[in-house]
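Notes for the one structure printed next.
In our numbering, the protein residues as written are 741 to 927.
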């Protein structure tokens, strides 16, 4: 059986990626975890609302026949908010973001306005996947965990952590990065 762990930001890419994985692995899935990493964006409340609604829709789909997750019950679909904004603020402070934060596109000058000025956050997907793998290793040692990332592969040339190469390398990293991660994979 497979535990799907979706790094669910509430956006279109992760919604489509999660549904695609659920459809592909439908007969093998026993649990779906939607993990929202709250790193302090201004859109957090909307993203959290989208995650809760998505979970409700998945539960509803689970009650209907001939759907991608018809075998899953309410208790098999989880949504968790994982606050990391203090940690992420410290990472942004350690990076030289002053050029981007002070650009004409920025609405403010602080790290909370970084979202408006930054479309690229250094190592964001690697950071989030690493946190997710570490958490999963502690919670689900030995389980087959399939991490879903909402990477838009068409943007992979600009945002390298959205590329197929990145996903393939992260598949290797999560398998060798922990002591009990041999059944982990990234999609």
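The C-beta atom is built at its ideal place from N, Cα and C for all residues, glycine as well. Being a predicted model, the structure only gives us computed values, none of them experimental.
- Taking C-beta atoms under 8 Å as the contact rule, residue 874 and residue 745 fail to qualify, at a distance of about 12 Å.
- For the 8 Å CB-CB criterion, residue 812 and residue 772 form a contact.
- Residue state for residue 776 is assigned as strand, using DSSP reduced to three classes.
- If you look at residue 916, you'll find it isn't in any beta strand (DSSP E); it sits in the alpha helix (DSSP H) that goes 904-916.
- Taking the C-beta atoms as reference points, residue 824 is found no nearer than 8 Å to residue 762.
- Close CB contacts of residue 925 within its chain, under the 6 Å cut and outside five residues either way in sequence, are with 886, 911 (chain order).
- Residue 818: member of the beta strand (DSSP E) spanning 817-823, first to last residue.
- Taking each of 826, 767, 815 in turn and checking the Cα distance to residue 806, the smallest one comes out for 767.
- The shortest CA-to-CA distance from residue 901 to any of 915, 868, 916, 884 is the one to 868.
- Residue nearest to residue 827 within the set 895, 779, 908 is 779 (criterion: CA-CA distance).
- In this structure, the CA atom of residue 755 is about 30 Å from the CA atom of residue 919.
- In summary, residue 791 is buried, with 16 or more beta-carbon neighbours lying within 10 Å of its beta-carbon over all protein chains present.
- Bounds of the alpha helix (DSSP H) holding residue 785 are 784-802.
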